[in-house]
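2 protein chains.
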Amino acid sequence: MFEAVELGQTLEKSEFKEQEHELRGTLLELQRELAEEKIPVIIIIAGVDGSGKGDVVDRLNKWMDSRGLQTHAFWDETDEELERPDHWRFWKRLPGRGAISIMFNGWYGIPIERHMRGECSDAELDEATLRINQLERMLSRDGTLIIKLWFHLSYQAHTKRIKKRHKSRNRLPGLEGHLFTQEQYEQLLDTAESILRKTESGVSPWQMIEADNKWFRDMSAGRSIQAVMQMTLNQLRSSGRIGCEEQPVLSLDNPAMTVLDKVYLDQALERADYKKQLRHYQKKLHELSWKAYLSQRSLVLVFEGWDASGKGGAIRRLLSGMDARLYRVISVAAPTDEELAHHYLWRFWRQVPRAGYMTLYDRSWYGRVLVERVEGFAQTSEWMWGYKEINNFEEQLAHSGTIVLKFWLHISNEEQLERFHDREKTPWKQHKITDEDWRNREKWDDYKAAVNDMIAHTSTHHAPWILIPANDKLFARVEVLKTVCERLKQALEP
Amino acid sequence: MFEAVELGQTLEKSEFKEQEHELRGTLLELQRELAEEKIPVIIIIAGVDGSGKGDVVDRLNKWMDSRGLQTHAFWDETDEELERPDHWRFWKRLPGRGAISIMFNGWYGIPIERHMRGECSDAELDEATLRINQLERMLSRDGTLIIKLWFHLSYQAHTKRIKKRHKSRNRLPGLEGHLFTQEQYEQLLDTAESILRKTESGVSPWQMIEADNKWFRDMSAGRSIQAVMQMTLNQLRSSGRIGCEEQPVLSLDNPAMTVLDKVYLDQALERADYKKQLRHYQKKLHELSWKAYLSQRSLVLVFEGWDASGKGGAIRRLLSGMDARLYRVISVAAPTDEELAHHYLWRFWRQVPRAGYMTLYDRSWYGRVLVERVEGFAQTSEWMWGYKEINNFEEQLAHSGTIVLKFWLHISNEEQLERFHDREKTPWKQHKITDEDWRNREKWDDYKAAVNDMIAHTSTHHAPWILIPANDKLFARVEVLKTVCERLKQALEP
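Protein chains in written order, with the working numbering: chain R, 30 to 523; chain X, 30 to 523.
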């Protein structure tokens, strides 16, 4: 889920300075209005070490009115705190009606750190998450506004930042942050992803902030806080209450930049090279799929992508390496009557493979958050809930030992146009192009936003999205094959 | 939470026969209407062995129309099922729109049994609970009505039933149910209580059914199903959707019989005996409280009860045995301005004792579901949420090692009247009787219903309610002292 905040977004200092004045005015005014409405506000500043949480807190303290504003850091627990239930420390510092508490790490720091250090199991992490949900919902029902910001850095950016701190003359021993190996860092992000995903709700949605560029970071933090405060006041004035609906919340604006913009499309393979690699990986997959069968590990592969991005071709190349007894391909078309009479996930649950077998989905349950969203077939709340429902579904698959991989085949807008024209001109390809394809094409930007949200919300440790550059079909096919082999090998090794 | 279904309620066969005809007609009509509205219905029949779940299912099959009705039993898992995620077996059997599935044990049987057998930890049980909540909420959002019935037997009734089955000529080897020791049975109930409590929601509330008398049991089951179906149809017709609000649901009718009716009030102590026992237990408590201090175990004692039931006197007798350095008494009066500016639990969190210390609450957070409910100081949804919020709070106390005991001092209506008159007549007691006491007294039945709900929803393994017969003050005081000593001793023993 962090892909969408590793885009390299920046802001110039001069632009920041230009916007800062207006933002500050708005924040002060919102703070005043919230105080007048007697709404307690909690702002949680969480994220990876080195992302500049301290600087953001300083900035917020400068921007807002210090009356009624308090900052609390949750470092190591004091004796007083250790001798009481975990949440006691937070209760002590809850803001009264009309006040604001900025909480460093909030109730998220300790469970993440404990799990990271191996001091608590996955189940215990889920238990801590449950308690957090109980607390946040209870406060929310009582009228508290909870704003949660997560500051993210890529591993490279993180390492650079921490190394700099360690070298700095002003270093604070013990407070420079951990210098993680890449593996450790990924573990940290897995833990964070799990807890963030499960505490994402309409009551208190997470705001994800790319923290590489400090001007962009601070401006995004300010704008996020502004947006949530404004939304809350609007809601209060129209309905008389705040955030009680337990419903996921997403920004509905099409983003300026998406994860797809980061896919490097100019990758290609020579045909001779392609043939060689294809043979190599097909042979490998043949072995690995039997090995998976023998060790009772199932595989679920999801293929999504633009029209004409070559999903079918990639699937065929994958299968020709394998024994037909081991796999099943589900081409997702319009649901049957029986399927329509059930929950939309029912048709997919039916097809879940037995231990040792493999199911490939050519299009999938992601229709809920792609075509159903863009075409308006599902109501907003329905597709929004979809992210959580899909994550829960895939988590159960993974929990039972299934390896879940999801491919998005990405091509450029121009490449698609060329392929469409080619299909129209070539007699045996004409059945593959319909009016609907042209209609979908017109909604390219809407789909792009939907894909970005999909990846931001459903690319998880247990079921990652893999973006395949597919302008070159040969490259894409080998890339898919290769990735399946690698992940399968990884999973089968002890 | 099972106290409220151990009341010994019965129904004559003749009464059953009289009511059956009308009930059956209503159920058939409701089934037809739900089918017309295309609502899928899941009826989960769960409960202890020997409670007659099978007979109830048979009865329901006789009462309702077999078209569109299916019964599924979840026994041991098949190979097919074991090789897929836990929930696959349920997904396969979900009813389509307009159909009804009766599910034996539903998704509750397996986690309860695993936890009982020590095959999963508390945290893992909580994780399974989380998954169940996700599933039920998802189905509910999709328009499914989930009706959950839990059939309860006291340990005595349970043992009798199982023994009878073992002796029966028609016995089904392996299916007679476990013959538990009392300790094992209590463990089972603890597990069940935890999972029932955490899956209780407005979306799908539990219906608790006393299963000792079979006519009463079947009629209650039928009536519960009828009530939930009717409520759902009403809701659908007035708001166009069903059970989406995540809000607790309780019956609001004053019950015919409550847990208080089971308290045997005619217990008394001679003064000489009283003095002896008082001294004995005070000495014991003195030792135990120091022992608790040294082993860093805290104690939270809650005192609630009718006006003039003798709470103050009982607390004084308890304290006179102890070192004043170890305890603190919180007399709960009107909240301060600062307290009013926070969540209602905030004032109690503040007073949570450090490890090794003791806090006594003379009245407590239970005001939320007693006086605030009866007097209308809290909105219905507020006090209803109170049960969950209070359970979560007490669970956190227990989780951190605090021993939580809650006393309800019970006196009869007549005894209260006598004590009120006595207070009016005795000069030095006159300050203890006010107009408000007389006003509260008029609402005796409302309070009785509120106490019953409170005990049904918040008497838990980790924080039990103890009902003290207090018509005789001497008996009550010793009983409180004795109970504290016993529970403390139990908790401090390894």
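Ideal Cβ placement from N, Cα and C applies to all residues, glycine included. On a predicted model such as this, the values are computed, not experimentally measured, just so you know.
Item	Value
Please state if the CB of residue 42 of chain X and the CB of residue 244 of chain X are separated by a distance shorter than 7 angstroms.	yes
Tell me, please, whether the CB atom of residue 84 of chain X is closer than 7 angstroms to any CB atom in chain R?	no
Just list the beta strand (DSSP E) runs in the stretch 145-183 of chain R, keeping only unbroken ones of 3 residues or longer that don't cross its boundaries, in chain order.	174-181
Residues of chain X with CB under 8 angstroms from residue 155 of chain R, in chain order?	152, 155, 156 and 159
Locate the beta strand (DSSP E) running through residue 480 of chain R, then write down its first and last residues.	From DSSP, residue 480 of chain R is part of no beta strand (DSSP E) but of the alpha helix (DSSP H) over 473-487.
Could you check where the alpha helix (DSSP H) with residue 343 of chain R kicks off and where it finishes?	340-348
Based on DSSP bridge pairs, tell me the residues matched to residue 73 of chain R.	R:132 and R:177
In or out: residue 256 of chain R buried (at least 16 other Cβ within 10 Å) or exposed?	exposed
Residue 261 of chain X to residue 371 of chain R, Cα distance in whole Å?	19 angstroms
On the three-state DSSP scale, how would you describe residue 512 of chain X?	helix
Please decide whether residue 370 of chain R counts as near chain X, where near means a Cβ-Cβ distance under 7 angstroms.	yes
Please return the same chain residues whose Cβ sits closer than 6 angstroms to the Cβ of residue 34 of chain X, not counting the five positions on each side in sequence.	181, 237 and 239
Kindly list, in the order they appear in chain R, the residues whose Cβ is closer than 9 angstroms to that of residue 429 of chain X.	112, 113, 114, 115 and 117
Within the chosen definition, does the stretch 43-54 of chain R reach the stretch 106-123 of chain R through at least 3 CB pairs nearer than 8 angstroms?	no
To which residues does DSSP link residue 358 of chain R through a beta bridge?	R:389
DSSP three-state label for residue 210 of chain X, please.	coil
List the residues of chain X that residue 331 of chain R touches, going by C-beta distances under 7 angstroms, in chain order.	Residues of chain X passing the Cβ test: none, with the nearest at roughly 16 angstroms.
Which whole runs of the beta strand (DSSP E) in the stretch 211-240 of chain R are 3 residues long or more, in chain order?	235-239
Tell me whether the stretch 430-442 of chain R and the stretch 508-522 of chain R touch, counting them as touching only if at least three CB pairs, one residue from each stretch, are closer than 8 angstroms.	yes
Are the stretch 115-132 of chain R and the stretch 92-99 of chain R touching by the rule of at least three beta carbon pairs closer than 8 angstroms?	yes
Closer than 7 angstroms, CB to CB, is residue 120 of chain R near chain X or not?	yes
Would residue 358 of chain X and residue 392 of chain X qualify as a contact pair, given that the criterion is a beta-carbon distance under 7 angstroms?	no
The ligand FAD and residue 487 of chain R: does the residue's C-beta get closer than 6 angstroms to at least one heavy atom of that ligand?	The ligand content of the structure shown is nil, which means the ligand FAD is not present either.
Check the DSSP bridge columns for residue 498 of chain R and list the partner residues they point to.	R:439
Using the Cα positions of residue 120 of chain X and residue 142 of chain R, report the straight-line distance between them to the nearest angstrom.	36 angstroms
Any beta carbon from chain R within less than 7 angstroms of residue 339 of chain X's own beta carbon?	no
Can you find a C-beta in chain R that's less than 7 angstroms from the C-beta of residue 425 of chain X?	yes
For residue 62 of chain R and residue 288 of chain R, what's the separation of their Cα atoms in angstroms?	37 angstroms
Out of curiosity, what's the CA-to-CA distance linking residue 343 of chain X and residue 133 of chain R?	45 angstroms
When the Cα of residue 316 of chain X is compared with those of X:156, X:355 and X:305, which residue comes out closest?	X:355
Whole angstroms are fine: how far does the CA of residue 426 of chain R sit from the CA of residue 379 of chain R?	13 angstroms
I want to verify the contact list: residues of chain R whose CB lies under 7 angstroms from the CB of residue 163 of chain X, in sequence order.	421
Here's the rule I'm using: 16 or more other beta-carbon atoms within 10 Å means buried, otherwise exposed. How should residue 195 of chain X be labelled?	exposed
Does DSSP classify residue 337 of chain X as helix, strand or coil?	coil
Quickly, what does DSSP pair residue 100 of chain R with across the bridge? List them, please.	R:131
Would you grab the beta carbon distance between residue 432 of chain X and residue 517 of chain X for me? Rounded to a whole angstrom, and I think it's under 8 angstroms.	7 angstroms
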